[in-house]
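Enquirer: Next up is a structure, given as C-alpha cells.
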Amino acid sequence: MKSVLLALMFAVAGVAASAQDSMRLAVTTSFHNSGLADVLLPEIAQDLGFEVQLLVVGTGQALRLGRAGDVDAILVHARAAEEAFVAEGHGPHRRQIMYNDFVIIGPSDDPAEIRDVALARDALVRINSAAANFVSRGDDSGTHRKELDIWVDAGLDPAAFGSWYKAVGAGMGAALNTAAGLNAYVLSDRASWLNFGNPRGLALLFEGDAVLFNQYSYLPVSAERHPHVRVELAQQLEDWLTSDKAAMLINGYQIGGQTLFTFNADR
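Heads up: the sequence shown runs through residues -10 to 256, numbered per my numbering.
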C-alpha cells in the first residue's frame, strides 16, 4: 500500500544494527509528526542495543500490519480498535504508554464562531452550519476515527456534506498543510499542531472537551499467530517504554514551553 511505501525507517546514528538486531514498530503519523521519536530512538538504541525501525502510517494501517504479522509491535491511539485487535488474538495485550489531547485548528478569524462553544460536537455543528472549509484526515487513522465519532455525536453524517468537507486520505502533517492552504478547520492532536512549522493563518480555536482525550498504547504482535515476530525485542521495548527513563523523556519533551505528552504507563 502507498502508506507503507511511504513509511519512514529511522536508523539511529552510531548503531550498526544488523537484521538480527532490529525490530519493526508501526507508529501513527501523529506520533512521528510530534518529534518525540527523534528524542526516544537514540536512547532506546543506546540502552537496548538494537534498532527500532518505524513504519509511519495511520492507526488503521498499523493495525492491519499487525494482523498480517508485518511488524513486531504497534503504537497507536484508537482504544476500541486496539481492544478488538487483542480480543481477536492478534496481540497478547494492550498497554497504555502516554496521552495528550485533540484540538480543533482553524482560521484565526473563526468564520464558524467555534471559540465560545463548550463541546466539541457543538463546534462541528457550527462548522457544518457555516459550510466552512474542513479538512478530514480521511485515512482510517486514530485522529480520523475520533473526528467521525464527534460528527456522529453531533447527529451529522460527513457522507452527506458538500464540497466544503475535504477528506485528504493523508497523515497529520499533510492534513495540517492542506488546512493552512485552504484556510480550513481541522482536528489535530496537540503535539502535531505544536510541532507544525507552516501555520499561516491558522490558530488553535477549541480545546478542553473530555471527548478529546488521546491515549497512545503499545501492542506487541502475537507470536502464536506469527512465529517470526521478534517477541523478545518487542518485550524489551515495552519494558523500556514503561520505565522511569521513558517517563522522564516523555514528560520532559516540550515545544515552546508546552508539554506535548504525559506518561501514564500501566506498571
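Ideal Cβ positions, reconstructed from N, Cα and C, are used throughout, including at glycine.
These figures come from a predicted structure and were not determined experimentally.
Is DSSP giving D129 helix, strand or coil here?
Expert: In this structure, D129 counts as coil in the three-state DSSP scheme.
Enquirer: What does a CB cutoff of less than 8 Å around P147 pick up in its chain, not counting 5 residues either side in sequence?
Expert: For P147, where only same-chain residues beyond five positions count, the Cβ hits under 8 Å are S125, L137, W140, Y154, A156.
Enquirer: What whole-angstrom Cβ distance do R214 and T231 have, given they're in contact under 8 Å?
Expert: The pair is not a contact, with the Cβ atoms about 23 Å apart (cut-off 8 Å).
Enquirer: Straight-line CA distance for F39 to I33?
Expert: Computed Cα separation, rounded: 8 Å.
Enquirer: State the Cα-Cα distance for the pair G162 and F185, rounded to the nearest angstrom.
Expert: The straight-line gap from Cα to Cα measures roughly 7 Å.
Enquirer: Between the beta-carbon of V46 and the beta-carbon of S206, is there less than 8 Å?
Expert: It is not a contact, given that the beta carbons lie outside the stated cut-off.
Enquirer: Going by DSSP in three states, L96 sits in which element: helix, strand or coil?
Expert: Checking the displayed sequence, the identity of residue 96 turns out to be Pro instead of Leu. Correct three-state label for P96: strand.
Enquirer: Would F123 be called buried (16 or more neighbouring beta carbons within 10 Å of its own) or exposed?
Expert: Buried, because 16 or more other Cβ atoms sit within 10 Å of the Cβ of F123.
Enquirer: Could you check what DSSP says for I244 in three-state terms: helix, strand or coil?
Expert: Strand, per DSSP.
Enquirer: Applying the 10 Å Cβ sphere with the 16-neighbour rule, what's the burial state of N187?
Expert: Exposed, by the Cβ-count rule.
Enquirer: Would you kindly work out how many angstroms separate the C-alpha atoms of R68 and S211, rounded to a whole number?
Expert: Going from the Cα of R68 to the Cα of S211 covers about 18 Å.
Enquirer: Give me the DSSP bridge partner(s) of T251.
Expert: The partner list for T251 (beta bridge, DSSP) reads Y88.
Enquirer: Count Cβ pairs between the stretch 242 to 254 and the stretch 10 to 28 that sit closer than 8 Å; are there 3 or more?
Expert: A contact exists between the stretch 242 to 254 and the stretch 10 to 28.
Enquirer: Which value, in whole angstroms, describes the spacing of the CA atoms of L193 and G95?
Expert: Each residue's Cα considered, the two are about 7 Å apart.
Enquirer: Give me the Cα-Cα distance between R13 and E72, rounded to the nearest whole angstrom.
Expert: Each residue's Cα considered, the two are about 21 Å apart.
Enquirer: Can you look up E196 in the DSSP assignment and give me helix, strand or coil?
Expert: Of the three classes helix, strand and coil, the one that applies to E196 here is coil, per DSSP.
Enquirer: Tell me the rounded alpha-carbon separation between A51 and I63.
Expert: Going from the Cα of A51 to the Cα of I63 covers about 6 Å.
Enquirer: Taking C-alpha atoms, which residue in V106, G78, F195, L191 lies nearest to A168?
Expert: It is L191 whose Cα lies nearest to the Cα of A168.
Enquirer: With a Cβ-Cβ cutoff of 8 Å, do D61 and A223 count as a contact?
Expert: Yes. Within cutoff.
Enquirer: Quick one: Cα of D90 to Cα of E196, how far?
Expert: Near 8 Å, if we compare the C-alpha coordinates of E196 and D90.
Enquirer: Is A109 near I93, with beta carbons less than 8 Å apart?
Expert: Contact flag set, yes.
Enquirer: Alpha carbon to alpha carbon, what distance is there between L226 and M237?
Expert: Cα-Cα distance, rounded: 16 Å.
Enquirer: Give me, in chain order, the residues of the same chain whose beta-carbon lies closer than 7 Å to that of P257; leave out the 5 immediate sequence neighbours on both sides.
Expert: Because residue 257 is not part of the residues shown, which for the chain are -10 to 256, the question remains open.
Enquirer: Within 10 Å of its beta-carbon, does H82 have 16 or more other beta-carbons around it, so buried, or fewer, so exposed?
Expert: So H82 ends up on the exposed side.
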